[in-house]
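A.B. asks: This is the structure, below, for whatever I ask next.
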Amino acid sequence: MTEQATAGPPAKLDAAVLKIAGVVVLGAIMSILDITVVSVALPTFQTEFNATYAEVAWTMTGYTLALATVIPLSGWAADRFGTKRLYMMALLLFTLGSVLCATADSIQQLVTYRVIQGLGGGMLMPIGMTIMTRAAGPERIGRLMAVLGVPMLLGPIGGPILGGWLIEAASWHWVFLINLPIGGIALVYAFFALPKDEPHPSESFDFLGMLMLSPGLALFLFGVSSLPEEGTITAPKVWVTMLIGALLVIGFVLYSFKPKHPLLDLRLLRNRNLSVASISLFVFIIAFMGAGLLFPSYFLQVRGESTLDAGLLMAPQGIGAVLTMPIAGMLADKIPVGRTVPFAMTLIALGFFGFTQVDTDTSYVFLCGSLFVMGLGMGGTMMPIMTSALRTLQPVEVARGSTLVNILQQIGGSVGTAIMSVILTSQLNESTPIPGLNNPQTGEPITEAGAAIAVNQGAQIPLPPEILQRGLQFAADSFGTTFWVGFALVLATFIPIAFLPKKRRPFGPAGAAGEPAAEAPIMMH
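Start counting the sequence shown at -9; every next residue gets the next number (this note's numbering).
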């Protein structure tokens, strides 16, 4: 078949596919929104449980480690038990974990329940992507990924708004209880909407691979997550766990090419399209997740906005993404992503550059405009790259391919967050200490920047106006320096995306090899 014929207009998403997509989007909303909603509640946890920030941060770290542990199992489990059964089990576990979190009486209980919640949440995204990809077929995956991309991009924006409103209007318990009605609806919806399972129980479970990969990822991310708290990579808690984790992961990589059915099929990376897209996605996620941490923090700490107002100020980014994401999804099914993604990344870079110029009184019109431009670019970046990663896989490879992509996202997100946290913290720590003013929890001197930020967030610290202004100016400059690092990471993303496919190729494995296919295969249930 000629390239023109192969590249004809793809079929539209029919009602049956959209019904399945609705189930997956509900699960994705629960999983992604939960991360950002809980991040808003950390100061409240400190007060409620009389805990330090380092202790309450484990409510985030524990959830992340649970995700990293269970994601590698998703590909095998989907083939073994079937996607519908596994997805409903993940929904149930996540919902039960959420209810348990709302009943916690201590910070230790809350962290434990967050781990249970993360074990369910870790399977929602990779299994959901597998269900959607199999339902739509590769010729419509771009449009379908645009549907899934809505919660992935809007979660970091809507989370702070929802979390701030729930805490102010009700209590911190509702940060978790909000998942109960959503989870109940999603379970009933999944039971009736998802097609009957067709599991393939012939594959043996890779126990040796699991003993290396899951603990390896958990230990590595534990070390990375401890970096902001310790402040230096030379701390044993950081480098020892990162080293052991890295050695286990490297050991798994060397071992994974031997068994017929490894826990994580790295042979898929022989597909050039998948490997280039995966590297592009990994670098992009580092920059995107790091930026997601910085933007609301600037509004909260330097500008003294409430949690709810900081979330609302982030809304232009979501609006921009919503506008371009459906267009990008349709274009990804018709035009090679190598031609569209660089343009979208240019918009992200332009928007991000605006934040490198922040001060204590930078115009909100300018900053919201920068976020809107960045959102336009984000709507045309993440989902097309994921489309490029998965569309050339065979139907039996989709579950393992989506597992691989999700692991890269998890690692990239943790690395990006840690990098930005460490740089910002080290910058703020260089501020001048205030004589005679010490932190009651640690006993260490409080700096001018630290005191000014605390006052902006409601602390009753008697500061002379000149120290308050000097501290806020130092904090703004610290954010500006950290934004420059984020901007550099955004620019680094242009390197791998330059290798994304620029020519229209057939769908399926033939397209992956760059050879003409007789016909674009359509995956059906």
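Even for Gly, the Cβ is constructed at its ideal location relative to N, Cα and C.
Computed from a predicted structure; not experimentally measured.
Could you check which residue in A18, V30 and L453 has the C-alpha nearest to that of S287?
C.D. replies: V30
A.B. asks: Short of 7 Å in beta carbon distance, which residues of its chain neighbour I451, apart from the five on each side in sequence? Order them along the chain.
C.D. replies: A441, A444 and V445
A.B. asks: From G280 to Y77, what distance separates their C-alpha atoms?
C.D. replies: Answer to the nearest angstrom: the Cα atoms are 29 Å apart.
A.B. asks: Report the rounded CA-to-CA distance for M119 versus S88, giving the unit in angstroms.
C.D. replies: 22 Å
A.B. asks: On the CB-based measure, 16 or more other CB atoms within 10 Å of its CB, does G448 come out buried or exposed?
C.D. replies: Exposed.
A.B. asks: Is it the case that the region 206 to 226 contacts the region 399 to 413, given that we only count it when at least three CB pairs across the two stretches are under 8 Å?
C.D. replies: yes
A.B. asks: Of the residues V363, P171, K186 and G369, which one's Cα is nearest the Cα of F71?
C.D. replies: K186
A.B. asks: Given F181, which residues of its chain have a CB within under 6 Å of its CB, disregarding the five upstream and five downstream residues?
C.D. replies: none
A.B. asks: Among I172, G173, L156 and P171, which has the Cα closest to the Cα of V165?
C.D. replies: L156
A.B. asks: Alpha carbons only, please: which of I61, V228 and M315 is nearest the one belonging to G391?
C.D. replies: Of the listed residues, the one whose Cα sits closest to G391 is I61.
A.B. asks: If I measure Cβ to Cβ from I375 and keep anything under 8 Å in the same chain, skipping five residues before and after, which residues do I get?
C.D. replies: A267, S270, L271, F274, V327, V331, I487 and L490
A.B. asks: Run through the DSSP bridge pairs and tell me what P423 is partnered with.
C.D. replies: T437
A.B. asks: For M304, name the three-state secondary structure that DSSP assigns.
C.D. replies: coil
A.B. asks: How is K9 classed by DSSP in three states: helix, strand or coil?
C.D. replies: Shown here, K9 sits in a helix according to DSSP, grouped into three states.
A.B. asks: Smallest Cα separation from L337: which of I168, L8, K493 and G359?
C.D. replies: G359
A.B. asks: Going by the beta-carbon positions, is the gap between S378 and N261 smaller than 8 Å?
C.D. replies: no
A.B. asks: Please confirm whether L32 and V46 have their CB atoms less than 8 Å apart.
C.D. replies: yes
A.B. asks: Using a Cβ distance threshold of 8 Å, determine whether the region 399 to 407 contacts the region 338 to 355, with at least three qualifying pairs required.
C.D. replies: no
A.B. asks: Within a Cβ cutoff of 7 Å, which residues of the same chain sit near M115, ignoring the five residues on either side of it in sequence?
C.D. replies: A18, S21 and N396
A.B. asks: For L109 and E387, I'd like the C-alpha separation in whole angstroms.
C.D. replies: 23 Å
A.B. asks: Looking at the unbroken alpha helix (DSSP H) that takes in R70, where does it start and where does it end?
C.D. replies: Start and end: W48 to F71.
A.B. asks: Starting from T34 and walking both ways along the alpha helix (DSSP H), at which residues does that stretch end?
C.D. replies: L32 to F39
A.B. asks: Which of helix, strand or coil does DSSP assign to K517?
C.D. replies: Only positions -9 to 515 of the chain appear in this structure, which leaves residue 517 out of reach.
A.B. asks: Just the C-alpha distance for L366 and A322, rounded to the nearest angstrom, thanks.
C.D. replies: Roughly 16 Å separates the two Cα atoms.
A.B. asks: Taking only the alpha-carbon atoms, compute the straight-line gap between Q99 and C91 and give it to the nearest angstrom.
C.D. replies: 8 Å
A.B. asks: Report all residues from its chain with a CB closer than 8 Å to the CB of V243; omit the five preceding and five following residues, and keep chain order.
C.D. replies: L256
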